[in-house]
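Working notes, beginning with the structure itself.
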Amino acid sequence: MSSALSAPEISRALIRISHEILEANPDSSKITLLGIPTRGAHLAYRIGSHMREFAGHEIPVGTLDITLHRDDLRLRPPRAIMPTSIPNQGIEGREVVLIDDVLFSGRTIRAALDALGEIGRPRRVQLAVLVDRGHRELPIRADFVGKNIPTAITQSVKLHLTEIDSIDEVLVED
Amino acid sequence: MRHLLSIADLSKPEAISILDTAVELARVSDGAVKKLPTLRGRTIVNLFAEDSTRTRISFEAAAKRLSADVINFSAKGSSLSKGESLKDTALTLQAMGADAVIIRHSSSGAPQRLADSSWMQGSVINAGDGTHEHPSQALLDAFTIRKHLGKGSSDLQGIKVAIVGDVLHSRVARSNVLLLNLLGAKVTLVAPPTLLPVGVESWPVAVSYNFDEVVASVDVVMMLRVQQERMSDLFFPNAREYSRYFGLNSERLAIMKPNSIVMHPGPMNRGLEISADVADSARSVIVEQVANGVSVRMAILYVLLAGQPLEVGGN
Amino acid sequence: MSQHYLLKNAQLPNGAMSDLLIVDGFISSIASNISGAEAQVIDVTGSVVLPGLVDLHTHLRQPGREDAETIYSGSRAGAKGGFTALSAMANTSPVADNAGVVEQVFRLGQEAGLLDVFPIGAVTRGLAGVELSEIGAMADSIAKVRVFSDDGHCVFDPLVMRRALEYIKKFGGVISQHAQEPRLTIGSQMNEGNVSSILGLKGWPAIAEEAIIARDVLLVDHVQSRLHIAHVTTAGGVEIIRWAKARGINVTAEVTPHHLLLTDELARSYDPVFKVNPPLRAEKDVMALREALADGTIDIVATDHAPHTSESKECEWSEASFGMIGLETALSIVQKTMVESGFMNWEQVADRLSTAPAKIAGYEHQGSNLKVGSSANLTVINPGKTWTVDRDLVASKSRNTPFHGYELPGVITHTFFNGSPTLLDGVLSSGGVH
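Line by line, the protein sequences give chains A, B and C. Residues in the first sequence are numbered from 1 upward in steps of one, following our numbering. Residues in the second sequence are numbered from 175 upward in steps of one, following our numbering. Residues in the third sequence are numbered from 490 upward in steps of one, following our numbering.
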């Protein structure tokens, strides 16, 4: 088990991602962040508050649970459904940025796109992840990446956040 | 969990997880999305050997919102009414590839016979069997109570519920007694002595023949339907006496606790066990119960069918 | 049949060890170390020899429901269970309420040739409970009916029961009453109690049995006749019978093997193999019945063997027929519940399952307690061995046994009927014409 990102590194990455999102979307009033629970949602709140600081106005932040759209439900006992909360402005015609902790096979994001599609039609959907660990099984890529961490397929990558786990760190385990 | 035959099949965490899942699914139903792909490709059969419109439609809506294929097999005009046995019906359903059967039957224990037999492999969901149980009704009742009186808690700890009416013949009462106790609520049964089963002393409930004493001290008054036929079977002299002692009328409504609610599983006999103005009053959540039924039934289907299929013979 | 048999090293019911010699259908000698006889030697070391079992309550279903059982298949089941006499209940189709039907049943039993089949005559015509059946004609027929019963139904009308009890006095008869007040058991499915309240199945309250027992013991005393209470299941019923006997009232009573072991808890599975009339009751009733059988308040064990086809049991509880088969498991259940628990010894078993029933019904040549000169009707059971009940291997035509999968003590190895083995080393004989 090794630490791939320390707390200060995570913080710097999130700040950088916040800047990159604003750069890529000049009309910041159209941006909506949707975090994928559980930890993606917490990251979205952090990024949202950084962006409020840099942009000078509120950026709507919500959560998008993708459990019901997963393609692998039958492989495990039923999963608990997490909350989905779409900000009042909705997503119609907006620049939606999906936020997740670790990008791996890409299936979670595929499910998120399906879930989003059932809610409405954003103008554009982008993806921000803290860690990209490779091994994609679908043609999905992230627009904003905190850190690329090459891993073996048998390893696992875990994000801990103080909101839940009392510490900020990214661990790679065998 | 492969079947839902009785509330006794559920542990407290399982029951709460169904309620929590229903909360999220309700949110989905309220929003723009009315359909989810979660049970796509699954075949669910409604086997309603006893007439019921609202429960069947509720389960059908729940299944369709999760993109399952629904086949309706109802009593009238079907082979069941022509004397085909439960066993042969089940073998037919198995041949049709049913992943789950939602069964309502006039015979207590019929869903369990189906589940324990080797006639079919799918999940069995009890939508009401004889006078035994009606688990999905109890779950939607608990969901409704939690929504109004739960104060953010995950269970129903300390909430006082009165269940009033024909307990002897009520599957809704039996399931509710089990679930309300499981979730920490306190139950009092109110009924004429003739409509309480021998053996009720062994139930985890208080019993009272006096509605007026109980109605002012509870948070929930759950009225049960009384069938007209009970009068000719000597359970009480006539409708007038029944309403006078056990009907929820405006006088009794007026002394209920503030914030208390009135529930009824339906269909109501307006004027017999519940007066029309009480049914339509602000305290009544009867219409909301029906709406909650779809989300709760979606949650039941999700919990039973979305996950890993259990091996045949597993439980 | 002039084969002779020598049973060596038998344990008699009173515990003594002995040999038994069977010659020309009779017990010709009971002594230790019998030798020199020209007989087939059967070593029954470790086994108890009992007088052949006599059942006072058997449903053989013929005529009318031969799909469930016939007199021949029922006789085979009886022989396998150690019985040398069965009493065919009258609720056949047509009902055994006249000489014609009872003579047919009697003749079919003789043709089967495996044990004595004594027909029971209905008390009322068509079992309707309204008019007396042809009691005299049945008593005077070749079947010589002495036991009368509407079993399946209660003779519920007190006036009809009174007249019937009076009338049978002329013929030396006894009425076996199925005690069930119909008004208290409309649509009943199982014992009324905690379990039925939870399962949502209509209850069959104990008082519906007790009330009829109470009424009928007073009635039989008043008219000075003979009463037998079929399948007693309640502690309250036991108390009433005990009270009646203490007053010298001429009442006898029976209990079934299943009521000595099983309780209404089994209904929780909703498996109708446990559905029976009268129903399985609570633990306290089971205990009261065992004590009563041990102290003689209940005189006999009777099986109430009730075969049903699979479609009558492979369905929802409320649709299923009432009844369990029991001929083949009866003696093992009695050993398990009464002998192994210390309630009774084998001598008492011989009384409750052979001597006493034969006496109540007046069956000659049966239940004569292993005396030299009596008909050789014997059962040999090895109490030390166990066996597992398999419903697919029963001799009965029907498979509705509640004991499927149970491991039971006591293997019956031999049954002798009038000196011929109907069961020899566990193998059934084919009997006569069938």
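Idealized CB from N, CA, C, for every residue including glycine. Please read all numbers here as calculations on a predicted model, not as lab measurements.
Reduced DSSP secondary structure (H/G/I, E/B, other) of residue i
i        : result
C/HIS923 : Residue placement at C/HIS923 is poorly supported in this model, since its pLDDT is 49, which falls under 50; the coordinates still yield a value, given next. Three-state result, C/HIS923: coil.
B/VAL486 : A caution first: B/VAL486 carries a pLDDT of 45, below 50, which makes its placement in the model too unreliable to give a value.
C/PRO768 : coil
C/PHE905 : strand
B/TRP293 : coil
C/ILE624 : helix
C/LEU654 : helix
A/ASP71  : coil
B/LYS334 : strand
C/MET490 : Below a pLDDT of 50, predicted positions are generally treated as unreliable, and C/MET490, at 45, falls in that range; the measurement from the model is reported next regardless. Coil at C/MET490, not helix or strand.
C/GLN678 : coil
C/ILE738 : coil
A/ASN88  : coil
B/SER263 : The sequence given here places Thr at residue 263 of chain B; Ser does not occur at that position. Helix.
C/ILE787 : coil
A/ASP114 : helix
A/GLY35  : strand
C/CYS804 : coil
Beta-carbon proximity check, residue i vs residue j, cutoff 9 Å
i        : j        : result
C/HIS717 : C/ILE664 : yes
C/SER821 : C/VAL727 : no
B/LEU260 : C/GLU805 : yes
B/SER282 : B/HIS308 : no
A/PHE104 : A/ILE21  : no
B/ASP393 : B/LEU353 : no
B/SER449 : B/ARG399 : no
B/LEU213 : B/ILE276 : no
C/ALA577 : C/HIS548 : yes
C/PRO846 : C/GLU743 : yes
A/HIS42  : A/GLU163 : yes
C/ASN889 : C/GLY812 : yes
C/ALA489 : C/ASP544 : Outside the modelled stretch of chain C, which goes from 490 to 923, sits residue 489 of chain C, for which no answer is possible.
A/ASP65  : A/ILE91  : no
C/GLY535 : C/GLY873 : yes
C/GLY567 : C/THR573 : yes
A/LEU130 : A/LEU116 : no
C/LEU616 : C/GLY598 : no
C/SER887 : C/THR798 : yes
Where the beta strand (DSSP E) through residue i begins and ends
i        : result
A/ARG124 : 124-132
C/PRO540 : 537-540
A/PHE144 : 144-148
B/ASP243 : 243-248
B/MET397 : 394-397
B/ARG278 : 274-279
A/LEU103 : 95-103
B/ASN384 : Run containing B/ASN384: none; DSSP gives neither H nor E here.
Below-9 Å beta-carbon distance, residue i vs any chain D residue
i        : result
B/GLN311 : No chain D appears in the structure shown, which is made up of the protein chains A, B and C.
Segment limits, alpha helix (DSSP H) that includes residue i
i        : result
C/TYR494 : Note, C/TYR494: premise wrong, no alpha helix (DSSP H); beta strand (DSSP E) at 494-500.
A/ALA13  : 7-24
A/SER49  : 39-55
A/GLU163 : 162-165
B/PHE317 : 309-323
B/THR362 : B/THR362 -> not in any alpha helix (DSSP H); beta strand (DSSP E) instead, spanning 360-364.
B/LEU478 : 460-479
Secondary structure, beta strand (DSSP E): runs of 3+ residues fully inside the segment 820-904 of chain C: 867-877
Note down, one range per segment and in chain order, each beta strand (DSSP E) of at least 3 residues found wholly within the segment 418-450 of chain B. 435-437
3 or more residues per run - each beta strand (DSSP E) lying fully within the segment 569-637 of chain C: 572-577, 605-608
To be precise: take each residue of the segment 182-216 of chain B, compare its Cβ to all Cβ atoms of chain C, and keep it if any distance is under 7 Å. Which residues remain? none
For the segment 795-806 of chain C, list every residue whose C-beta sits within 9 Å of some C-beta in chain B, in sequence order. GLU800, GLU803, CYS804, GLU805, TRP806
Compile a chain-ordered list of the residues in the segment 14-47 of chain A whose CB is closer than 8 Å to at least one CB of chain B. none
Any residues in the segment 460-482 of chain B with a beta carbon nearer than 7 Å to a beta carbon of chain A? Which ones, in chain order? TYR476, VAL477, ALA480, GLY481, GLN482
Closer than 9 Å, Cβ to Cβ, to anything on chain B: give me those residues from the segment 681-699 of chain C, in chain order. GLU681, GLY682, ASN683, VAL684, SER685, SER686, ILE687, LEU688, GLY689, LEU690, LYS691, GLY692, PRO694
Quick one: which residues of the segment 658-670 of chain C get their C-beta closer than 7 Å to a C-beta of chain B? List them in chain order. none
Near-chain C residues of the segment 259-284 of chain B (beta-carbon distance less than 9 Å), N- to C-terminal order: SER259, LEU260, LYS261, HIS279, SER280, SER281, SER282, GLY283, ALA284
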